[in-house]
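Shown next, in structure tokens, is the structure this report addresses.
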Amino acid sequence: MKNVRVRFAPSPTGYLHLGGARTALFNWLFARHHKGSFILRIEDTDSQRSTDEALEVIIKGLRWLGLDWDEGPEKEGEYGPYFQAQRTEVHRKYADRLVREGKAYFCYCSPEELESMRKKAREEGKPPKYNGRCRDQSDEQRKEYEEQGRKPVLRFRTRQEGTTKINDLIHGELSFENSLLDDFIILKSTGTATYNFAVVTDDIEMKITHVIRGDDHISNTPRQILLYEALGSTLPEFAHIPMIFGSDRAKLSKRHGAVAVTEYMKEGYLREAMVNYLALLGWSTTDSQQIFELDDLINKFTLKGCSKSASVFDFKKLEWLNGEYVRKMNIDELTEKAMPFILDANLNVEDKEKLRKAVSLEQEKIKLLKDIPGLIDFMLKDDIGYTDKAVAKVLKKEGSREVLSDIMEKINGMDDFSEKELEEMVREYCRRKDLKTGKVFHPLRAAVSGRTTGPGLFVMLEFIGKERVLKRIEESMKYT
RNA sequence: GUCCCCAUGGAGUAGUGGUUAGCUCACCACCCUUUCAAGGUGGUAGCAGGGGUUCAAAUCCCCUUGGGGACGCCA
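Following the working numbering, the numbering of the first sequence begins with 20 at its first residue and continues without gaps.
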């Protein structure tokens, strides 16, 4: 395939939604796979709702995911500007042409009039559409409206005969009756383009070859195709990817939990995991591969592998994938990425080496970066607390006190406080006393860590150090 | 209401006329093991329903049902 040009065209009216991120990802993957261009175009024609903050958040999200664009904001290219609001000249140029050719006309109907039109159509069991009242009005009539100070909108004269077909790369052929479509508005009374018109003209101007977007745009497509035809432009290829649902099979929204990609960023998900997971929603390879390095993903991504049906976002699977990536990561990088979370928990980070080691001892257990402080704090802090479980299920148990006091004595006499020596000492003690290892291991772990789970007992003891271990055992005796 | 799309276990999916319906997550059990994980082995669970076509249907056609989307001077 030659000169593939695709775009992601968000409107800056809110956060970058998971669904949007997935659409961006598919476009990006498609572009990278075909060595084409990925363009970011900001659809900010709704000046009421567009904000700079939203734009910032979207850009931040895309950057975090690593979806770099070849043309777009902060990356000017041949086909700019890349903010739709700055393209009104282009839109008007195309609109003028349609007017000249009689393919568009001015409409002076008020919002109230339109509303009652729609209501009436609906009551008659017809699709709510504009009734074409201003389609063939005389110049006199127009003049009269103008004199009244009415501001017109520009409507597209939609052909009412025949059907419009979409040859969708994912869905195959879809067809729509033109008679069901109305003369939709292409320029608002403010003179700015509406979505359908702006998209088409900008896609033409930017030489977009493939329009890859959410399923929810299918019903817009016939209108857009009609526009392409009226403008005499060749159609891009269309590929409508399925939507993402929440667990109740309804459109993913706030109540399903986090939907903004920046939230995942903040919670300590890894970019690689997020990208991998998003790719798996609505796309797959025939061998059901689950884990993809980025290059591999680019290499294997095809629209053919996209499914037609909506998919449900599964937070559990995302977590699993995140854990997979955490386990694969080298310890320096992991520690580095965990830093913000560790700092946030006020842990002592002066001794980098110690910190690294602590993280590595818990690496296999980490799912999210934000879990890290809670997993390692007892190894770094001087004072620890004891969990209810550690007290009730272990320390309070018969015999714990004696074991702890014996072990404390043994430790006192140790010179080489190493993992190896510690293990030998404890095992020897078990043999001597004819105790099951658990009878000793468990109280010792609880006494020293304050909890019932953690890294291997002896590495942990060595790491915490003789002095602190002794102090903690003594402290723990209060609970026995 | 009108039009459109979709339909394989709880979730993501493979499968394009002949398979014991495969894989991943989740769940359960066992193994490993000082704990928690990780890992290993095994298990529960699925072609929405009904009609066709065919020697043969998850796969092709029709209907029903269910879910979703669109119908704005929003994008």
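Using N, Cα and C, we set each Cβ at its ideal position, and we do this for glycine too.
Separation of residue j from residue i, as counted between CA atoms
i      : j      : result
His275 : Ala269 : 9 Å
Ala104 : Tyr98  : 14 Å
Ala212 : Ser66  : 12 Å
Ile391 : Lys323 : 40 Å
Asp370 : Val488 : 19 Å
Glu248 : Leu353 : 54 Å
Glu120 : Arg111 : 14 Å
Gln156 : Ile263 : 45 Å
Gln243 : Arg116 : 16 Å
Lys170 : Tyr127 : 7 Å
Leu299 : Asp351 : 28 Å
Val331 : Asn318 : 25 Å
Leu366 : Asp396 : 7 Å
Val6   : Glu256 : The requested residue 6 does not occur in the structure, where the chain is confined to residues 20 to 499.
Trp302 : Lys138 : 41 Å
Ser30  : Gly233 : 14 Å
Phe482 : Lys490 : 14 Å
Thr499 : Val445 : 20 Å
Arg290 : Lys415 : 44 Å
Ala292 : Glu442 : 38 Å
Val23  : Leu48  : 12 Å
Val25  : Lys54  : 11 Å
Residue span of the alpha helix (DSSP H) that contains residue i, given as start and end
i      : result
Ile350 : 350 to 363
Phe216 : 214 to 224
Ala249 : 240 to 249
Gly393 : 391 to 399
Phe27  : First-last for Phe27: 24 to 27, but that is the beta strand (DSSP E), not the alpha helix (DSSP H).
Phe482 : 476 to 483
Tyr164 : 158 to 166
Leu133 : 130 to 142
Simplified DSSP assignment, three categories, for residue i
i      : result
His53  : coil
Ile61  : strand
Thr211 : coil
Arg375 : helix
His461 : helix
Ala269 : coil
Ile227 : coil
His190 : coil
Glu256 : strand
Leu489 : helix
Val368 : coil
Leu454 : coil
Val278 : coil
Ile263 : strand
Glu196 : strand
Gly469 : coil
Gly233 : strand
Nearest-angstrom Cβ-Cβ length linking residue i and residue j, presumed shorter than 8 Å
i      : j      : result
Glu447 : Val478 : Wrong, their Cβ atoms sit about 18 Å apart, outside the cutoff.
Asp63  : Phe102 : 6 Å
Tyr149 : Asp202 : 5 Å
Phe45  : Ile237 : No, Phe45 and Ile237 are not in contact; Cβ-Cβ is about 16 Å, not under 8 Å.
Met348 : Arg420 : That belief does not hold up - the Cβ atoms of Met348 and Arg420 are roughly 42 Å apart, past 8 Å.
Ile58  : Asp89  : 7 Å
Lys384 : Leu399 : 16 Å between Cβ atoms; not a contact.
Leu199 : Pro146 : 5 Å
Ala258 : Leu316 : Going by Cβ atoms, the distance from Ala258 to Leu316 rounds to 17 Å, so no, they are not a contact pair.
Leu246 : Asn215 : 7 Å
Gly469 : Phe360 : Wrong, their Cβ atoms sit about 21 Å apart, outside the cutoff.
Ala329 : Pro261 : 5 Å
Val278 : Leu271 : 6 Å
Terminal residues of the beta strand (DSSP E) in which residue i lies
i      : result
Lys416 : Run containing Lys416: none; DSSP gives neither H nor E here.
Thr182 : 182 to 187
Leu206 : 204 to 206
Leu173 : 172 to 175
Practice task
Could you name each continuous alpha helix (DSSP H) segment of 4 residues or more that falls completely within the segment 287 to 341, going from the start of the chain to the end?
Solution key: 290 to 299, 313 to 319
Handout entry: Sequence ranges, alpha helix (DSSP H) only - wholly within the segment 52 to 128, length at least 4
Key = 71 to 84, 107 to 119
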